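Below you'll find the structure, written out as structure tokens, and then a few comments.
Residue numbers (our numbering): -13 to 244.
Written as structure tokens, this is what we have:
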């Protein structure tokens, strides 16, 4: 007997998250930080599932779920594959990134128009020449929520890499300058490509947490605590409002595939 991707996902999504497939909502927030899930659960007085599993999750009474899938593009690909078991109507990645431009400061939000596929993981889903793109209508709605808050955000292309410790490498930094990316992270391109492959509407709202191109801007434990205390609550708030309201106020998101 043959086994399908859906068969595997239906078994593995609960195994990875500790939550039944039907307990996930139609819309989801993805993150790679446990405190986002904790803050979400505290706000909606709900339980965090999967505390002993690779991924933690929570769902509120309005049908919005949040999942901490961990760090890196392989984990990002895994969760986008497993979500075919639920087929959400839209997912928004709330991630952090390094700012690569002088005009990009810590605390800024980036709504990427595309991502450079430097991670390699996405090559298992689509040929290298296929661009990593978000779902436009989802990003359009997220943009409107940011503007409602009276806040600014940046758009541009982000570079996604599998390398975590590269801040010492001048050659790699020069490559980033040539590529003209506005930010760098480890998951966005993978989420965009794997989401496209799995016909899941996807987007990313990135918080600039460090400025890795300069020595004094490299992330430290202390600097990350400052970013968390100043900006994470607003980051999560925008994501919650956007993905709660998009089902009733947003434009219909149509899926395309080759």
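All C-beta atoms in this analysis are idealised placements derived from N, C-alpha and C, irrespective of residue type, glycine included.
Source: prediction; values computed, not measured.
Under the three-pair Cβ rule at 8 Å, the stretch 53 to 70 does not count as touching the stretch 132 to 140. Judged by pairs of C-beta atoms under 8 Å, the stretch 78 to 86 touches the stretch 162 to 177, as three or more such pairs exist. Per DSSP, the unbroken alpha helix (DSSP H) holding residue 2 starts and ends at -9 to 3. Judged by DSSP secondary structure, residue 220 falls within the alpha helix (DSSP H) whose first and last residues are 207 to 235. Assigned with DSSP and collapsed to three states, residue 40 falls in coil, not helix or strand. Taking residue -8 as the centre and dropping the five residues before and after it, the same chain places the C-beta of 70, 71 closer than 7 Å to its C-beta, in chain order. Fully contained in the stretch 135 to 168 are the following beta strand (DSSP E) runs of length 3 or more, in chain order: 139 to 147.
Between residue 117 and residue 189, the C-beta spacing is not below 8 Å.
For residue 45, the three-state secondary structure derived from DSSP is strand. With 16 or more other CB atoms across the displayed protein chains lying within 10 angstroms of its CB, residue 171 is buried. Measuring C-alpha to C-alpha distances from residue 178 to each of 57, 197, 192, 108 identifies 108 as the nearest. When DSSP reads this structure, residue 79 sits in a beta bridge with 16, 190. With a threshold of 16 other beta carbon atoms within 10 Å, residue 11 meets it and is buried. Between residue 3 and residue 56, the beta carbon gap of about 11 Å keeps them out of contact (Cβ cut-off 8 Å). Residues 117, 118, 119, 143 of the same chain have their beta carbon placed closer than 7 Å to that of residue 100, with the five preceding and five following residues left out of the count. Spatial neighbours of residue 210 in its own chain (CB-CB distance under 7 Å, excluding positions within 5 residues in sequence) are listed in chain order as 195. Annotation: the continuous beta strand (DSSP E) that includes residue 97 extends over 95 to 104.
Rounded to the nearest angstrom, the Cβ distance from residue 231 to residue 79 is 18 Å, too far for a contact under 8 Å.
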